[in-house]
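Engineer: Under the numbering used here, residues 340 to 1015 are what the sequence shown spells out, in order.
Think of the CB as a built atom: it goes at the ideal place given N, C-alpha and C, for glycine as much as any other residue.
Since we're looking at a predicted model, the values are computed, not measured.
Shown below is the structure under consideration.
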Amino acid sequence: MGNIFFKEITKKKGLKTPTDRLFDIDKWHEVWTRVEGLATEQDKMIYNAGIIIDELLTEIRSNLKFMYENEIPKVSYKELLMAYISLTNRDRSVISNSMTELSGVHADVHSITMNNNMMGNDITIQEMSDAAVDGMESAIKTSLMNKNKKITSSENPIDIVDFIIKESSLSQLYSIYSGYWNAFLWNGYELTELDKKNKIFSFKQPKCKYEIGFMASQIRKSKLVAHSFSIIGNPNVINKFDDDKYIIIEKRGRIKSVKVSSISNAPEQVRYTNADWRVQTLDLEDNLPKELLNQEFENGFTIFEVLDVFRCLILLSSYYHDKYPKKDGFDNLKKLLEFCPKIQKSKLSLALQNATGYPIEKIKIILQFIEFKGARGEDLWCHPIVSISESEYALITSALLTPVMIRVVEHWFVKLNITLQGKGKTYEKNIIHPLNHNILLNCYIDDYDKAISGDVKSDSGVEDIDLLVRVGETILIGEAKSIVTTDSPISQYRTINILKHAAKQAKRKAKFVEDNIESVFKNLGWFFDKSKKYTFTKCILNSGRMYVGSEIDDVPVCDEKIINKYFEENIIPLISSYNDKNKVEHLAWFKLYDDFHELQTNLNTYLCNPPQISERNFIYNDQKLPCLSNASYKIITKRLIPDDLRAQDLLNAKYVFPLETVDDVDEKIKMFDLSV
């Protein structure tokens, strides 16, 4: 990260940046001149990137102003609002359909790229899905803020569809450049001049441990969710929620009725989606205090109640999404607006009352809470309904298709000013019990003391240790941290700083135990064997699962799944398939240890290199961003994406732990040699 100039920007009431409307380029140059002599190379990149991005954003603002003054057709802000909602829904629908087609060819959707965009760039499915929502937020917000104002059409207006596409493209571009500015500021992105005369520059994501760690963690988190789908696919799990209700739309002629029906009578996909959300809601208690989720604050509802309403909106959104036109092209506003599902507020409120059993007034308050109003800190993912009139809502189906529950809930906590201080303690409880259970059942372990959490006393003092366990001569000390889901550059930066502090704490507490080992053992009731050479392993337990598999200041980051898996069994599957009896058969696996001695000596190696985090192969993907004129800066971005590996590639790769396979592995993987 930068130093002097960076501090000038990030300090309280610091220097305004290019994304701020109060940005002053002269002030920017003035501050740089003052600190240039002490500035780092990263400072210089931030300074120059600020100049470039300011010019790009100013150019976009000027184009938008010109459009509204000289090109706008006869249209209302309400129509524009519905049009931009339609575009985000339509674009996400196109991506979903394309993903369904490609999923039969690729086993790993994270490496799938598509190039059906104006620049012909290869873009990952995840990037396209996020952009379909995030890129339209600014246009939706602007139209929403002005929906009660009247638009005066221009003397020489352009076609309404052309206007909408043009503004949406500018809005998306503005969002992209704003995002890259934050990446320069918080993630240490690199700026390189490629062609001075033609103003061509590259914005490059650094291939450093933090960026790789973040991306690998994101992929693992999505795979953990995907793994839970196989559990949800169990009919017994799905049937467990048959008493739930959901909203359906019945259409007779031109009349649409909003009805409520039992999940038990719903199509299979609806029941599956419902079970998925309900299981995630139950699992939420593993990360957040149950009393906090059940507490009714001044707002008049609990988080669990909001999640139930959200469930109904997800299922309703899925219904609308399935009804979208199969031919997704449009050449007029009417055709585009087919992707903007509208519903009467009164009918939706009554249906939600019947589906959830909550009082109508509570339903209305919850709907107001999750409504997108364009306020600071709101986003469409967490607020996926929009008032298009006093009596109607429009649904952002693009956001409701794949919400990330923990992110949504933590966003709501921030909005409600609810502290998450108890979350860390909740996470500690979810580590200790299963860890002791797995150690007890592990056939290799014959000498240990149970894991504990809490105050650890010695003759010289006391330390609050989140995890302390002895297995043979190995003593493991863990520092648990509860960190809000990282999904933005500044959030990643803050997460790393929290983990750095956690690393210091873990080291301090490990030293405390090591320096006072005899009295610590005595106070814990553990037997101290003077003949043993005790070794100390440290780790950070991150409930948010970010940067798991990375080392922060020489302390590995893990979570409860990683640490419990090590003691549960001595193998980690790499490639598996279903055999003739429809049971999972491992074709290739990592051997973690063969005896009690190896179990102890390999623990630190495992925590630093967990085989579950195997996405270490990332390649650069170059993309040209659209420019508005020949005089504009031309930007080529260099982003990291997972390499498209095949099963044979995995078998040929080098690993920290030995890789074992079945005898006929080559023959078996030929049967399903997809990208993995």
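The beta strand (DSSP E) that contains residue 490, what's its start and end?
Structural biologist: Note, residue 490: premise wrong, no beta strand (DSSP E); not H, not E.
Engineer: Determine the extent of the alpha helix (DSSP H) in which residue 817 is found, giving its start and end residues.
Structural biologist: Residue 817 -> not in any alpha helix (DSSP H); beta strand (DSSP E) instead, spanning 813-820.
Engineer: State the beta-bridge partners of residue 928 as determined by DSSP.
Structural biologist: DSSP lists 912 and 999 as partners of residue 928.
Engineer: Let's test the definition: count the other Cβ atoms within 10 Å of the Cβ of residue 456 and tell me whether it reaches 16, buried, or not, exposed.
Structural biologist: Below a pLDDT of 50, predicted positions are generally treated as unreliable, and residue 456, at 49, falls in that range; the measurement from the model is reported next regardless. It counts as exposed.
Engineer: Based on Cα-Cα distance, which residue from 967, 752 and 885 lies nearest to residue 561?
Structural biologist: That would be 885, whose Cα lies nearest to the Cα of residue 561.
Engineer: Cα separation between residue 449 and residue 978?
Structural biologist: Because the pLDDT at residue 449 is just 47, under 50, the model does not fix this residue reliably, and the value given afterwards should be weighed accordingly. Their Cα atoms are separated by approximately 14 Å.
Engineer: Just verifying my parser: in three-state terms, what is the DSSP assignment at residue 856?
Structural biologist: Of the three classes helix, strand and coil, the one that applies to residue 856 here is helix, per DSSP.
Engineer: Please determine whether the Cβ atom of residue 693 lies at a distance below 7 Å from any heavy atom of the ligand HEM.
Structural biologist: Summarising the ligand content, the structure contains no ligands, and the ligand HEM is consequently not present.
Engineer: Say whether the stretch 662-676 touches the stretch 601-608, bearing in mind that this needs 3 or more beta-carbon pairs closer than 8 Å, one atom from each stretch.
Structural biologist: They do not touch, by the three-pair rule.
Engineer: From residue 470 to residue 507, what does the alpha carbon distance come to, in whole angstroms?
Structural biologist: Rounded to whole angstroms, residue 470 to residue 507 spans 12 Å at the Cα level.
Engineer: Does the beta-carbon distance from residue 403 to residue 509 come in below 8 Å?
Structural biologist: Yes. Within cutoff.
Engineer: Whole angstroms are fine: how far does the CA of residue 1001 sit from the CA of residue 916?
Structural biologist: Computed Cα separation, rounded: 12 Å.
Engineer: What residue does the alpha helix (DSSP H) around residue 401 start on, and which one ends it?
Structural biologist: Per DSSP, residue 401 belongs to the alpha helix (DSSP H) from 380-409.
Engineer: Considering residue 670, what are the terminal residues of the alpha helix (DSSP H) in which it resides?
Structural biologist: Taken as a continuous stretch (DSSP letters only), residue 670 belongs to no alpha helix (DSSP H), as it is neither H nor E.
Engineer: Using C-beta distances below 7 Å, list every residue in its chain close to residue 928, excluding the 5 sequence neighbours before and after it, in chain order.
Structural biologist: The answer, listed in chain order, is 910, 911, 912, 913 and 999.
Engineer: Extract the residue ranges of the alpha helix (DSSP H) inside the stretch 696-750, only unbroken runs of 4 or more that lie entirely within it.
Structural biologist: Here the runs fully enclosed are 699-709 and 736-739.
Engineer: Taking DSSP as the reference, what is the three-state secondary structure of residue 683?
Structural biologist: Residue 683: strand per DSSP, three-state reduction.
Engineer: Among 956, 547 and 554, whose alpha-carbon lies nearest the alpha-carbon of residue 887?
Structural biologist: Answer by Cα proximity: 554.
Engineer: Could you pull the start and end residues of the alpha helix (DSSP H) that residue 802 belongs to?
Structural biologist: Element bounds for residue 802: not the alpha helix (DSSP H) but the beta strand (DSSP E), 800-810.
Engineer: With a Cβ-Cβ cutoff of 8 Å, do residue 616 and residue 591 count as a contact?
Structural biologist: Cβ distance not < 8 Å, so residue 616 and residue 591 don't count as in contact.
Engineer: Let me check one thing: in DSSP terms, what residues is residue 542 bridge-paired to?
Structural biologist: Paired residue(s): 530 and 976.
Engineer: Kindly identify the DSSP beta-bridge partner or partners of residue 880.
Structural biologist: Answer is 819 and 897.
Engineer: Less than 8 Å between the beta carbons of residue 540 and residue 959, yes or no?
Structural biologist: In this structure, residue 959 does not lie closer than 8 Å to residue 540 by Cβ.
Engineer: In the structure shown, what three-state DSSP assignment does residue 888 receive?
Structural biologist: It is coil, neither helix nor strand.
Engineer: Tell me the rounded alpha-carbon separation between residue 989 and residue 956.
Structural biologist: So the two alpha carbons sit approximately 10 Å from each other.
Engineer: Which one of 843, 902 and 796 has the shortest CA to CA distance from residue 857?
Structural biologist: Nearest of 843, 902 and 796 to residue 857, Cα basis: 796.
Engineer: When you compare only the Cα positions, how much space is there between residue 791 and residue 903?
Structural biologist: Going by the C-alpha atoms only, they are around 15 Å apart.
Engineer: I'd like the list of long-range same chain contacts for residue 964, defined as Cβ closer than 6 Å, with 5 residues on each side in sequence excluded.
Structural biologist: The residues are 974.
Engineer: Using only CA atoms, which one of 380, 482, 521 and 535 lies nearest to residue 349?
Structural biologist: Taking only the C-alpha atoms, the option nearest residue 349 is 521.
Engineer: Across which residues does DSSP place residue 589 in a beta bridge pair?
Structural biologist: Answer is 596.
Engineer: Looking at the unbroken alpha helix (DSSP H) that takes in residue 364, where does it start and where does it end?
Structural biologist: That run of the alpha helix (DSSP H) goes 364-374.
Engineer: Counting C-beta neighbours from all protein chains within 10 Å, is the total for residue 537 16 or more, i.e. buried, or is it exposed?
Structural biologist: By the 10 Å Cβ count, residue 537 comes out exposed.
Engineer: Can you give me the start and stop residues for the alpha helix (DSSP H) that residue 659 sits inside?
Structural biologist: Note, residue 659: alpha helix (DSSP H), 642-662.
Engineer: Exposed or buried, what is residue 610 when buried is set at 16 or more other beta-carbons lying within 10 Å of its beta-carbon?
Structural biologist: Residue 610 should be labelled buried.
Engineer: If you check the beta carbons only, do residue 682 and residue 732 fall under 8 Å apart?
Structural biologist: Closer than 8 Å, so yes.
Engineer: List the DSSP bridge partners of residue 351.
Structural biologist: Looking at the DSSP assignment, residue 351 forms no beta bridge with any residue, so it has no partner.
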